[in-house]
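Participant: Got a structure for you, written out below as structure tokens; questions coming shortly.
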Amino acid sequence: MKIVIAGAGAVGTHLAQMLSKENFDIVLIDEQEERLAKLNNDLDIMTLVCSPTSIKGMKQAGIENANLFIAVTPNESENLLCCMLAKQLGAKRTVARIDNYEYLSEENKKLFENAGISSLIYPEYLAGKELAASIGYSWVRQLWEFDGDLILLSVKMHAINPLDKQQKTNAKNLLIGRTLREIGMDGHQFHVVAIKRKDETIIPSGEEKILSRDLVFFMTTRDQINNIRHLTGKDNYPQVKHVMIIGGGKLAVRTDGEIPDNYSVKIIEKDIARCEELGRITKHRTMILNGDGYDLDLLQDEGYNHIEAFAALTNNDEKNILACMAARRNGICNTYAQVENLAFIDMVESLDVGTVINKKMLAASHIYQMLLKADVNNVKMLTVADADVAEFIVKEGSKATKKPIMNIGIPNDVNIGGMIRNGRGELVSGKTQLLAGDRVVVFCGSQTLKKIERFFS
Amino acid sequence: MVNWRQIFKVLGMLLFIEAGLLLITMGVALIYKEDVMPYVWTLIITLVLGIIGRGIGWNSGKNMGRRDGYLIVSLVWLVFSLIGMIPFILTDCVPDVASAFFETMSGFTSTGATIFDNIDILPKGILFWRSVTQWIGGIGIIFFTLAILPAFGVGEVKLFAAETTGPLHEKIHPRISVAVKWIGSVYLLLTILCIASLLICGMSAFDAVNIAMTTTGTGGFSPHSAFFHDQWNSKSIEYVTTVFMFLSGVNYTLLYYTVLKGRIRKFFQNPELRMYLAIVALTTAVCTVSLMIQDNQGDLELSFRQAIFTTVSIQTTTGFASYDYTLWPQVLMPVLMFLMFAGACSGSTSGGFKCIRWAILWEGLHNEFKRILHPRVVAPVKLGGEVIPTSIQKTLLAFVSLFVGSLFLGAFILVLCGVDEDYLTIYDFSLILRQDFTEAFSLSLSSLSNVGPALGYYGPAHSWAVISPMAKVVCSILMLIGRLEIFPILIIFTKGFWRKE
Chain A
1 MKIVIAGAGA VGTHLAQMLS KENFDIVLID EQEERLAKLN NDLDIMTLVC SPTSIKGMKQ
61 AGIENANLFI AVTPNESENL LCCMLAKQLG AKRTVARIDN YEYLSEENKK LFENAGISSL
121 IYPEYLAGKE LAASIGYSWV RQLWEFDGDL ILLSVKMHAI NPLDKQQKTN AKNLLIGRTL
181 REIGMDGHQF HVVAIKRKDE TIIPSGEEKI LSRDLVFFMT TRDQINNIRH LTGKDNYPQV
241 KHVMIIGGGK LAVRTDGEIP DNYSVKIIEK DIARCEELGR ITKHRTMILN GDGYDLDLLQ
301 DEGYNHIEAF AALTNNDEKN ILACMAARRN GICNTYAQVE NLAFIDMVES LDVGTVINKK
361 MLAASHIYQM LLKADVNNVK MLTVADADVA EFIVKEGSKA TKKPIMNIGI PNDVNIGGMI
421 RNGRGELVSG KTQLLAGDRV VVFCGSQTLK KIERFFS
Chain B
1001 MVNWRQIFKV LGMLLFIEAG LLLITMGVAL IYKEDVMPYV WTLIITLVLG IIGRGIGWNS
1061 GKNMGRRDGY LIVSLVWLVF SLIGMIPFIL TDCVPDVASA FFETMSGFTS TGATIFDNID
1121 ILPKGILFWR SVTQWIGGIG IIFFTLAILP AFGVGEVKLF AAETTGPLHE KIHPRISVAV
1181 KWIGSVYLLL TILCIASLLI CGMSAFDAVN IAMTTTGTGG FSPHSAFFHD QWNSKSIEYV
1241 TTVFMFLSGV NYTLLYYTVL KGRIRKFFQN PELRMYLAIV ALTTAVCTVS LMIQDNQGDL
1301 ELSFRQAIFT TVSIQTTTGF ASYDYTLWPQ VLMPVLMFLM FAGACSGSTS GGFKCIRWAI
1361 LWEGLHNEFK RILHPRVVAP VKLGGEVIPT SIQKTLLAFV SLFVGSLFLG AFILVLCGVD
1421 EDYLTIYDFS LILRQDFTEA FSLSLSSLSN VGPALGYYGP AHSWAVISPM AKVVCSILML
1481 IGRLEIFPIL IIFTKGFWRK E
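Chains as they are written, first to last, in our numbering: chain A, 1 to 457; chain B, 1001 to 1501.
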């Protein structure tokens, strides 16, 4: 499969890195030679120095037999234009990164398809949506929803409840120190699909013990969420009603747009002109404050001690990290930091920062999902764990339909979390027999996704 | 610098429109076999003046300055009233020139205050002329002219902007002459529907046409002195009139989108309309409850009918009365006074403060309170998702102060001019100083908001015949100031307006 990527920025580079490990033929186009030079040495890809909108350059990149053309330059109009050209020149599918929420709407979809642009990627929207989805659960690090009420969530294990150091309440973590097999005996309706311990992601077997400070990924159905909350000793975490966002960039606007109306949201932005702009485009309930997000007096005035969720979304990674650490010290357990520098992410995980949001990685994984054969309709790259979550549709006559799951020989580092049968989410055990048409949610170690595809198709 | 030749030219052209209106009125007089000579003379005067004006302005070029626009708009309302009063004088209906001027100005500004104690004895032609002035004045003289003439030649945009009410103008068509024709057709459609509905309710043809014209113009001249209830004693007529008064108080641009484009949802999402509906609903509820307890022995339908007719009539600044609301419980008088002040929607035929300004003020106040609690908050004033620019908010504050200022100054001058019903023809200063201020205040408010009837003695039961000639002129000026929303009139009296540049 041949893929042409225009724009060697963070998204483009990250994509190239991910894809080059998967035996794709990748051509990366960028105008600036120095951006490409380093990649050319590190990765098994072809690079081309030319303008992304140059027709000659596209032909040189072999656009006429490209399966996919991805335009991820910082310039929206340029992306749209080169996608239109690429389609005309023979690319089968095109993906453009955009900056405009209006373009994403369902009614405008046809418009872009007619113009030769198959899909649109809006990284801020993806990140905002994800942030907003998990913000309501203050005790959860991250939460993903699949169809049919199937839910994946990650929870940090604490032996001593950070909100209850004096042990006043009887909220206690009931999982720490036990093996997964022991926990499974209790008949709970959830799976532990992955454990992130220090820098390592474990796809656990039954003998794995849960330790304090582990980040545990649970696969469950919606009605079991409160059960997990109880087991992990998080009953006393507050209901989120008040959200404070530092930095009024696009991500803040999209996050605000996705947070339900009954929450109170405050956005603190330094630039007064941007504040006025924000007043125009944010929801009515949102309060825009002009000031520095590191001005503690201002934060205190605006109810720093009473908020349940805090998101630092400025363009400055270091400041975001510091702001979140300060917020956690102040007792806010639900914090989000935007970290753009991919090199930081592993390091940040070892600090007490809360959830890390990286929109480039989200965008890259979103594009990645388009590459895996059309049967996969959802691939999530977890920013905190070096693992993929994928959704497969089980095909008629595939290996998985012939034997129960424990007998089909799925590798050890792969964990089937659950499945969606007839629109209803169900958990899967080793004895479950998959049927054609089931959609399976799979948790697997990094870069092994392609290997397990064959079990289902 | 003011271009007088241009002004004469446009005024001359506009006079031909008035001549056309007089011609129609003459036709009505002919049908009813009345003396047509007063109209013939007026017509001749109008045409001669029109030709003179056009002659002076011959070859005046295609340029119209901002100053010329404001001056033309202010002058045209004055000139129309001065000429429009001639039929009243020539038919010998009025005691003095001031009364005739008052009646005509009250017509063109769609106020509806009258100096006739007994309207029923007036010639049909005069009755029709009063209604015509309100129908034209309601939508605006310039507006009307733009709607029927193919093109004006010069400065349409400037003239139109100076005459249109409300702080925000939404364009429905890139060309103003086309936009005006569409909105004009909505106005015409509304009038025709009103005539038809009134006819179905059993009103005579002449009454139906007159009432329809003064309803859609939110004027309030009636061809009969009696209250609606006493004259027709028909519930359906009262309800139909209420509905059409209400519709005439809606922004015509919004009506255009709703009626001709079928955007029903946009209608109810409009923040100004919501404010309008809220005020009508709230005041009607208050009045209904008070009337049910106090006056009507628990008769809900009667109380509701009285309440909604009166509140809508006063808020849209029409000024019809189905019953004498001055006899209502005194607790309702502040409510009615607020309604007089409030007005209906901008871009409609109604006068007063207009709901869009209330909506902006409401949002602005909300933000001010927020700012006290959160000093660093940046909260733009939003209306229906759109941000109201600061410049418009400032203009609004200026408008508020000018409106209130004019109100009090008007009341003060009216007291000095003598407005008490005991006032005799002899000007006695010691008598003036002893008279009641409240009458003058309500007259000033009613004139400035273009309502018509006031409170107290000058409520719907009495005409304004007894106020002094001087007071009639002052009221007329207040009406004009109110109709043109203050700025176009007052700008003429600023120094900068006449400075050579």
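Glycine is no exception: its CB is placed at the ideal position from the N, C-alpha and C atoms.
#1: Taking any Cβ of chain C, which residues in the segment 278-295 of chain A have a Cβ under 8 Å from it, in chain order?
#2: Cβ of ILE307 of chain A less than 8 Å from any chain B Cβ?
#3: Can you tell me whether THR1253 of chain B is helix, strand or coil according to DSSP?
#4: Does the beta carbon of ILE272 of chain A come closer than 8 Å to any beta carbon on chain B?
#5: Is the beta carbon of THR1317 of chain B sitting closer than 8 Å to the one on GLY1351 of chain B?
#6: Quick one, are the C-beta atoms of ILE1458 of chain B and SER1442 of chain B less than 8 Å apart?
#7: Of the choices A:LYS209, A:THR13, A:VAL442, whose alpha-carbon is the least far from that of ILE29 of chain A?
#8: Applying the criterion that 16 or more other CB atoms from any shown protein chain within 10 Å of the CB defines a buried residue, is ARG97 of chain A buried or exposed?
#9: Which residues, in chain order, does the segment 1358-1379 of chain B contribute to contact with chain A at a C-beta distance below 7 Å?
#10: Would you please state the rounded distance, in angstroms, between the beta carbons of GLY1138 of chain B and THR1438 of chain B? I believe it to be under 8 Å.
#11: Look at the Cβ atom of GLY1219 of chain B, then the Cβ atom of GLY1107 of chain B, and state whether they are nearer than 8 Å.
#12: List, in order along the chain, the chain B residues whose C-beta lies closer than 9 Å to that of LEU143 of chain A?
#13: Need the endpoints of the beta strand (DSSP E) that MET244 of chain A sits in, please.
#14: Mind checking which residues open and close the beta strand (DSSP E) that includes TRP1004 of chain B?
#15: What residues in its chain sit with their C-beta under 8 Å from that of SER1449 of chain B, if we drop five residues either side in the sequence?
#16: Below 9 Å on C-beta distance, what does VAL1387 of chain B contact in chain A?
#17: Tell me which residues of the segment 297-326 of chain A have at least one Cβ-Cβ distance to chain B shorter than 8 Å, keeping chain order.
#18: Excluding sequence positions up to five away, which residues of its chain have a Cβ less than 7 Å from the Cβ of ASP1207 of chain B?
#19: Determine, using beta carbons only, whether LYS1382 of chain B comes closer than 8 Å to chain A.
#20: Based on the DSSP output, what are the partners of MET419 of chain A in its beta bridges?
#21: Strictly under 8 Å for the Cβ-Cβ distance: is LYS373 of chain A near chain B by that measure?
#22: Quick check on LYS209 of chain A: does DSSP put it in helix, strand or coil?
#23: For ASP261 of chain A and LYS241 of chain A, I'd like the C-alpha separation in whole angstroms.
#24: Could you please give the first and the last residue of the uninterrupted beta strand (DSSP E) stretch that includes LYS1261 of chain B?
#25: Let me make sure I understand the geometry here. Which of B:VAL1419, B:PHE1143, B:ALA1029, B:GLU1163 has the alpha-carbon closest to that of GLU1485 of chain B?
#26: Would you call the segment 86-100 of chain A and the segment 51-71 of chain A in contact, with 3 or more CB pairs under 8 Å?
#27: SER1099 of chain B lies in the beta strand (DSSP E); which residues open and close that run?
#28: Going along the chain, which unbroken runs of the alpha helix (DSSP H) with 4 or more residues stay wholly within the segment 219-286 of chain A?
#29: Put THR1288 of chain B into one of helix, strand or coil per three-state DSSP.
#30: So is GLU33 of chain A buried or exposed if we call it buried at 16+ other beta carbons inside 10 Å?
#31: DSSP state of ARG1175 of chain B, grouped into three classes?
#32: From this set, A:MET361, A:VAL389, A:CYS333, which residue's C-alpha is nearest GLY354 of chain A's C-alpha?
#33: According to DSSP, is HIS191 of chain A part of a helix, a strand, or is it coil?
Facilitator: Based on what the coordinates show:
#1: Annotation note: the requested chain C is absent from the structure, which comprises protein chains A and B.
#2: Proximity of ILE307 of chain A to chain B, defined by a Cβ-Cβ separation below 8 Å, is not satisfied.
#3: Helix.
#4: It does: the Cβ of ILE272 of chain A has a partner Cβ on chain B nearer than 8 Å.
#5: A contact, by the Cβ cut-off of 8 Å.
#6: Note that residue 1458 of chain B is Tyr in the sequence shown here, rather than Ile. Cβ distance < 8 Å, so TYR1458 of chain B and SER1442 of chain B count as in contact.
#7: Cα-wise, what sits closest to ILE29 of chain A is A:THR13.
#8: Per the 10 Å Cβ criterion, buried.
#9: Those residues of the segment 1358-1379 of chain B that come within reach of chain A (Cβ to Cβ, closer than 7 Å) are HIS1374, ARG1376, VAL1377, VAL1378, ALA1379.
#10: Actually they do not touch by this definition, with Cβ atoms about 29 Å apart.
#11: A Cβ-Cβ contact shorter than 8 Å links GLY1219 of chain B with GLY1107 of chain B.
#12: None at all; the shortest Cβ gap to chain B is about 31 Å.
#13: Counting along the chain, the unbroken beta strand (DSSP E) around MET244 of chain A starts and ends at 242-246.
#14: For TRP1004 of chain B, there is no enclosing beta strand (DSSP E); the residue is part of the alpha helix (DSSP H) that begins and ends at 1004-1031.
#15: If we look at SER1449 of chain B and ignore the five residues flanking it on each side, its Cβ neighbours are THR1317, MET1340, PHE1341, GLY1343, GLY1351, GLY1352, PHE1353, GLY1482.
#16: Those are GLU276, GLY279, ARG280, listed as they occur along chain A.
#17: Answer set for the segment 297-326 of chain A: LEU298, ASP301, GLU302.
#18: Cβ within range, chain order: PRO1223.
#19: Interface residue, yes.
#20: Answer is A:GLU426, A:VAL440.
#21: For LYS373 of chain A, the pLDDT reaches just 47, beneath the cut-off of 50, and the residue's location in the model is therefore unreliable, leaving the point undetermined.
#22: Secondary structure of LYS209 of chain A (DSSP, three-state): strand.
#23: ASP261 of chain A and LYS241 of chain A: Cα-Cα distance of roughly 10 Å.
#24: Element bounds for LYS1261 of chain B: n/a, residue is neither H nor E.
#25: Minimum Cα distance to GLU1485 of chain B is reached at B:GLU1163.
#26: As far as the Cβ criterion goes, the segment 86-100 of chain A touches the segment 51-71 of chain A, which means the pair count is three or higher.
#27: Note, SER1099 of chain B: premise wrong, no beta strand (DSSP E); alpha helix (DSSP H) at 1097-1108.
#28: As for any alpha helix (DSSP H) of minimum length 4 sitting wholly inside the segment 219-286 of chain A, the runs are 225-231, 250-258, 272-281, ordered along the chain.
#29: The answer is helix: DSSP assigns THR1288 of chain B an H, G or I state.
#30: Exposed, because fewer than 16 other Cβ atoms sit within 10 Å of the Cβ of GLU33 of chain A.
#31: Coil at ARG1175 of chain B, not helix or strand.
#32: Selection A:MET361, A:VAL389, A:CYS333 evaluated against GLY354 of chain A yields A:CYS333 as nearest (Cα-Cα).
#33: HIS191 of chain A: strand per DSSP, three-state reduction.
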